[in-house]
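Working notes, beginning with the structure itself.
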Ligand SMILES: Nc1ncnc2c1ncn2[C@@H]1O[C@H](COP(=O)(O)OP(=O)(O)OP(=O)(O)O)[C@@H](O)[C@H]1O
Ligand SMILES: [Mg+2]
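In our numbering, the protein residues as written are 14 to 267.
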């Protein structure tokens with residue numbers, strides 16, 4: 014089964030009104046092919062998370078279109094959409110319920126989507142992300158940051174989605190732990206043919222994880238470039254060159 018394509022067309026998102034109005038995303042567009050890993054970079058506040066939140070339907074107050082396999086995603090998003098598209102957030106603390114055992118957190122989507130063999134699936138999902146089955150009986154505060162993020166990835170993968178939206182999935186983690194989660198995400202993508210859209214402020218992470226990258230500033234996508242262009246610092250726009258210069262040390266180490 015091939016993953017569906019994902020496309021956004023003329024996507025615009027504004028918050029507030031009058032003087033408080035912020036044009037968080039301004040006519041953004043890109044297309045991600047099945048099985049591709051697409052990155053979004055740009056300064057803080059440039060609109061990266063807002064794009065992912067619009068795609069996932071967490072915010073469905075947007076103009077323009079979100080297309081899955083050429084068809085508009087339903088508004089509001091329905092169960093079938095979430096079966097296909099899952100999101101992993103930047104901060105695994107806020108995405109895991111603090112008073113809920115990991116098992117209950119993982120059980121919930123399986124119940125909603127009426128999956129069978131639930132305990133077996135939970136054990137498998139934990140094993141897929143490198144955690145022992147006993148982790149199901151812990152609470153979030155009894156896990157390290159990296160382990161929590163693995164649980165968040167496990168939960169996203171439980172429904173066997175085809176598209177994963179990853180918002181800074183490792184930026185809360187220590188560099189050594191970061192590499193483990195990134196490699197895990199890469200392996201899962203290749204073995205399952207998943208499609209990723211990944212946001213990171215770390216150009217090295219993006220160059221490692223993504224084949225094509227959109228560059229955002231002030232709500233607009235100003236340039237799209239390949240990972241090779243990024244690594245060889247071959248950019249058209251001044252803004253992209255500034256971003257690259259700011260992280261040249263990191264890229265050189267890649
Ligand atoms: N719910 C909201 N209400 C009002 N303004 C918002 C809201 N969410 C985001 N914004 C504004 O929209 C703009 C884009 O925010 P967004 O979170 O998409 O940035 P980002 O590129 O993800 O930044 P970062 O790298 O810091 O995560 C910012 O100016 C932000 O203040
Ligand atoms: Mg963000």
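Every residue, glycine too, gets a C-beta built ideally from N, C-alpha and C.
Beta-carbon to beta-carbon, residue 142 and residue 166 are separated by about 5 Å, close enough to satisfy the 8 Å threshold. When rounded, the separation of the alpha-carbon atoms in residue 17 and residue 34 is 34 Å. The beta carbon of residue 112 lies closer than 8 Å to those of 152 in the same chain, with the five residues before and after it left out.
Nearest Cα to residue 110 within the set 155, 22, 47 and 239: 155. Residue 59 has its CB nearer than 7 Å to a heavy atom of ligand 1.
Scanning 255, 219 and 242 for the CA closest to the CA of residue 52 turns up 219. When Cβ pairs closer than 8 Å are counted between the two stretches, the segment 128 to 144 is seen not to touch the segment 74 to 94, the count staying below three.
Judged by DSSP secondary structure, residue 133 falls within the alpha helix (DSSP H) whose first and last residues are 131 to 141.
From the listed residues 87, 244, 171 and 96, the smallest Cα separation to residue 132 is found for 171.
8 Å or more divides the Cβ of residue 205 from the Cβ of residue 40. Look at residue 28 here: in three-state DSSP terms it is strand. With three or more CB-CB distances shorter than 8 Å, the segment 93 to 106 counts as touching the segment 179 to 186. Here the alpha carbon of residue 178 sits roughly 31 Å from the alpha carbon of residue 31.
Shortest gap from the CB of residue 69 to any heavy atom of ligand 2: 7 Å or more. With a cut-off of 8 Å on Cβ pairs, the segment 216 to 231 is in contact with the segment 253 to 262, counting three or more such pairs. Here residue 150 is exposed, its C-beta having fewer than 16 other C-beta atoms within 10 Å. At least 8 Å separates the beta-carbon of residue 21 from that of residue 48.
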